[in-house]
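K.L.:
Structure provided below as structure tokens; questions to follow.
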Amino acid sequence: MKIAVLHAYPPEPDGLSIQGYLLYRGLKKIGIDCMPCHYNPSFQKQWVLSAYKPDVAIGIGSWTYTPNIVTSPQNNGVTPIPWFVANGWVANYHKILSELPLGFTTSQWVKDTFKRDGVDVKNYKVLPIGFDPEEIKPIPRTDPKIVCLREMLGVQPHEKMILTVGGDATSKGAQEMFKALAEIDKDFKDWKYVIKASESECAEGHNEEEDNLIDELELDRGKIVRLSGMYSHDFMAYLLSACDIYAAPSRLEGFGMIQMEANACGRPVISINVGGPVDTIVHGRTGFLAEVGETVKLHEEFAYEWMGFDADYKIKFDKPKVFAYRASIPDLVKYTKQLLTDDKLREEMGQNGYEHAMQNFQYPDVAKKAVGMIQETLGIE
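Pasting the structure below:
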């Protein structure tokens with residue numbers, strides 16, 4: 332079996348690129364003949380599809396990537412296997428996506444979203460994202476590098492550090508966490524909330540909202556630390572190990588890669604009981620899943636040329652579609668307070684999370700699962 336892996340390559344420090352690169356490494360590790368390549372049209376990609384002649388091309392992205400990870404391989408006589416992540420909805424390419432002999436999704440929720448929006452998912456299978464336990468692993472709190480990192484973040488020895496990481500903090504549930512922390516702060520004050528976001532228009536667009544909410548809640552700005560920029564993936568193990576609790580009650584989450592990695596670093600996770608986290612976090616064992624407190628439903632949404640349409644226009648739905656979620660604030664208060672105040676529970680859940688990640692998400696095991704599904708479904712040896 333020969334497999335081309337189409338993703339953001341050479342590797343970049345973002346989720347989609349890491350997802351593809353770990354699959355490629357996993358395939359190599361288990362002895363599969365494979366070759367990585369960027370999904371965008373290029374001379375190199377054409378050479379990979381024409382000269383390397385893979386049996387299948389696994390492409391990583393959302394449905395908007397269909398021309399590059401589905402149509403492009405098909406036009407070169409290669410069977411495409413897209414590995415789809417969340418995008419909130421599926422607005423186009425329904426016929427092409429319904430006729431695929433095999434497709435992967437990062438969670439059952441992503442698969443259900445495709446089905447909701449009219450894609451025939453009978454040939455779709457769930458394939459989780461993996462991690463490298465040599466890179467993402469628990470680092471002792473006594474390690475001088477962790478001690479230094481917490482000091483640089485202004486976390487005092489007696490304080491508990493809560494961490495949220497994302498392209499923008501709001502999409503990962505930071506505003507809901509602000510509301511929860513405002514309640515918690517009334518009787519537990521030894522916490523610091525560290526938020527790491529990318530330097531992006533999306534993140535900058537939410538910054539003002541977040542700042543206004545912080546002021547409205549009368550939270551102490553000295554207890555909220557903002558980080559921005561792109562960090563290397565190996566540094567994330569230090570950042571995750573430096574925290575006491577990882578919190579990401581995301582408004583929309585197709586898997587929860589950093590949530591899983593936080594567990595792999597021995598940290599309990601607070602998330603939301605919908606979407607990808609349902610597949611990755613074991614409620615009450617590796618973390619807590621807050622119930623949905625609110626949904627955002629739309630009766631219509633804009634579709635754009637970059638989605639494969641001839642022109643921008645507005646799509647009206649037969650019935651409202653859920654495009655986002657908000658975690659229950661009372662649940663976030665309850666679970667966050669439990670983990671902040673119970674050292675034993677926090678340690679036990681962190682250890683359970685580490686064991687769960689090791690048992691279910693190591694990158695060679697994900698590669699084996701992918702190969703097994705390809706062999707079973709397509710009959711390629």
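Quick note on numbering: this note's numbering labels position 373 of the sequence shown as 704, and the sequence is numbered without any gaps. For glycine and all other residues, C-beta sits at the position ideal for the given N, C-alpha and C.
If we count Cβ pairs, one from each stretch, closer than 8 Å, do we get three or more for the segment 643–651 versus the segment 624–634?
P.N.:
Yes, they touch.
K.L.:
Nearest by alpha-carbon distance to T611: which of E686, D386, V627 is it?
P.N.:
Numbered from 1 along the sequence shown, position 280 holds the residue referred to as residue 611. Checking every option, the nearest Cα to that of T611 belongs to E686.
K.L.:
Any contact of the segment 461–468 with the segment 584–596, i.e. 3+ C-beta pairs under 8 Å?
P.N.:
Because the criterion of three Cβ pairs below 8 Å is met, the segment 461–468 and the segment 584–596 touch.
K.L.:
Determine whether the Cβ of F640 lies closer than 7 Å to any Cβ atom of chain D.
P.N.:
Going by chain labels, chain D is absent from the structure shown, which holds only one protein chain.
K.L.:
Assess contact between the segment 550–566 and the segment 521–528, defined as three or more Cβ pairs (one per stretch) separated by less than 8 Å. Is contact present?
P.N.:
The segment 550–566 vs the segment 521–528: in contact.
K.L.:
Assuming the contact rule is C-beta atoms closer than 8 Å, G618 and M680 should be a hit. Round their C-beta distance to whole Å, please.
P.N.:
Counting from 1 along the sequence shown, the entry for residue 618 is found at position 287. Counting from 1 along the sequence shown, the entry for residue 680 is found at position 349. Yes, they are in contact, since the Cβ atoms of G618 and M680 sit about 6 Å apart, within 8 Å.
K.L.:
Bridge partners of T436, per DSSP?
P.N.:
Residue 436 sits at position 105 when you count from the first residue of the sequence shown. F415, V457, per the DSSP bridge assignment.
K.L.:
From the DSSP output, in three-state form, read off Q487 for me.
P.N.:
The residue labelled residue 487 in the question sits at position 156 within the sequence shown. Residue state, collapsed to three classes: coil.
K.L.:
What is the residue span of the alpha helix (DSSP H) that G639 lies within?
P.N.:
Within the sequence shown, numbered from 1, the residue matching residue 639 stands at position 308. Unbroken run through G639: none, as it is neither H nor E.
K.L.:
Excluding the five sequence neighbours on either side, which residues of its own chain have a C-beta within less than 7 Å of the C-beta of Y370, listed in chain order?
P.N.:
As a position in the sequence shown, residue 370 is number 39, starting the count at 1. L337, H338, G390, G392, Y396, N399, I400.
K.L.:
Ignore the nearest five residues each way along the sequence and tell me which others in Q439's own chain have a CB closer than 7 Å to its CB.
P.N.:
Within the sequence shown, the letter at position 108 stands for residue 439. Around Q439: V457, D610.
K.L.:
If we ignore side chains and look at the alpha-carbon of each, how far apart do L358 and A505 end up?
P.N.:
Taking the first residue of the sequence shown as 1, we reach residue 358 at position 27. Taking the first residue of the sequence shown as 1, we reach residue 505 at position 174. Cα-Cα distance, rounded: 36 Å.
K.L.:
Of the choices K523, R582, E514, whose alpha-carbon is the least far from that of E549?
P.N.:
The residue given as residue 549 occupies position 218 in the sequence shown. If we check each option's Cα against that of E549, E514 comes out closest.
K.L.:
Rounded to whole angstroms, what is the Cα-Cα separation between D443 and G703?
P.N.:
As a first step, residue 443 must be located in the sequence shown, where it is residue number 112. As a first step, residue 703 must be located in the sequence shown, where it is residue number 372. Cα to Cα, the separation comes out at about 22 Å.
K.L.:
Mind checking who P367 pairs with in its DSSP beta bridge?
P.N.:
Counting from one through the sequence shown, the residue named residue 367 turns up at place 36. Its beta-bridge partners are V336.
K.L.:
Once the 5 residues before and after H630 are set aside, which same chain residues still bring their CB inside 8 Å of it?
P.N.:
The residue labelled residue 630 in the question sits at position 299 within the sequence shown. Same-chain partners within the cutoff: K647, F648, P651.
K.L.:
Give the single residue among D451, K446, W414 whose Cα lies nearest to the Cα of E430.
P.N.:
Within the sequence shown, numbered from 1, the residue matching residue 430 stands at position 99. Out of D451, K446, W414, D451 has the C-alpha closest to the C-alpha of E430.
K.L.:
Say the cut is 6 Å; is the CB of A593 nearer than that to a heavy atom of the ligand PLP?
P.N.:
What this structure holds is no ligand at all, so the ligand PLP is not there to describe.
K.L.:
Under 8 Å, with one C-beta from each stretch per pair, do the segment 690–704 and the segment 350–365 reach the 3-pair mark?
P.N.:
Touching, yes, given that three or more Cβ pairs across the two stretches are closer than 8 Å.
K.L.:
Based on the DSSP secondary-structure assignment, which residues constitute the bridge partners of S559?
P.N.:
Here residue 559 corresponds to residue number 228 of the sequence shown, with the count starting at 1. S559 pairs with A528.
K.L.:
Rounded to a whole number of angstroms, what is the C-alpha to C-alpha distance between Q375 and M366?
P.N.:
As a working mapping, residue 375 is identified with position 44 in the sequence shown. As a working mapping, residue 366 is identified with position 35 in the sequence shown. Cα-Cα distance, rounded: 11 Å.
K.L.:
Span of the alpha helix (DSSP H) holding Y577?
P.N.:
By one-based count along the sequence shown, residue 577 stands at place 246. Looking at the DSSP string, Y577 is not in any alpha helix (DSSP H); the run it does join, the beta strand (DSSP E), is 576–578.
K.L.:
Secondary structure at A388, three-state DSSP: helix, strand or coil?
P.N.:
Counted from its first residue, the sequence shown places residue 388 at position 57. Strand.
K.L.:
Would you report the Cα separation of T626 and E584, rounded to the nearest angstrom?
P.N.:
Against the sequence shown, residue 626 aligns to sequence position 295. Against the sequence shown, residue 584 aligns to sequence position 253. Taking the straight line from one Cα to the other gives about 14 Å.
K.L.:
Identify whether P469 lies in helix, strand or coil by the three-state DSSP scheme.
P.N.:
As a working note, residue 469 is residue 138 in the sequence shown. Coil at P469, not helix or strand.
K.L.:
Let's test the definition: count the other Cβ atoms within 10 Å of the Cβ of M492 and tell me whether it reaches 16, buried, or not, exposed.
P.N.:
What you label residue 492 is simply residue 161 of the sequence shown in a count that begins at 1. Buried.
K.L.:
Give a yes or no on contact between the segment 540–547 and the segment 514–523, applying the rule of three or more CB pairs nearer than 8 Å.
P.N.:
They do not touch, by the three-pair rule.
K.L.:
Does P475 come out as helix, strand or coil in the three-state DSSP assignment?
P.N.:
For the purposes of this step, residue 475 is identified with residue 144 of the sequence shown, where counting begins at 1. Helix, per DSSP.
K.L.:
Pull the bridge partners of M492 from the DSSP assignment, please.
P.N.:
Within the sequence shown, residue 492 is the residue found at index 161, counting from 1. Per DSSP, K523.
K.L.:
In angstroms with no decimal places, state the Cα-to-Cα distance between K426 and P404.
P.N.:
Residue 426 sits at position 95 when you count from the first residue of the sequence shown. Residue 404 sits at position 73 when you count from the first residue of the sequence shown. Going by the C-alpha atoms only, they are around 16 Å apart.
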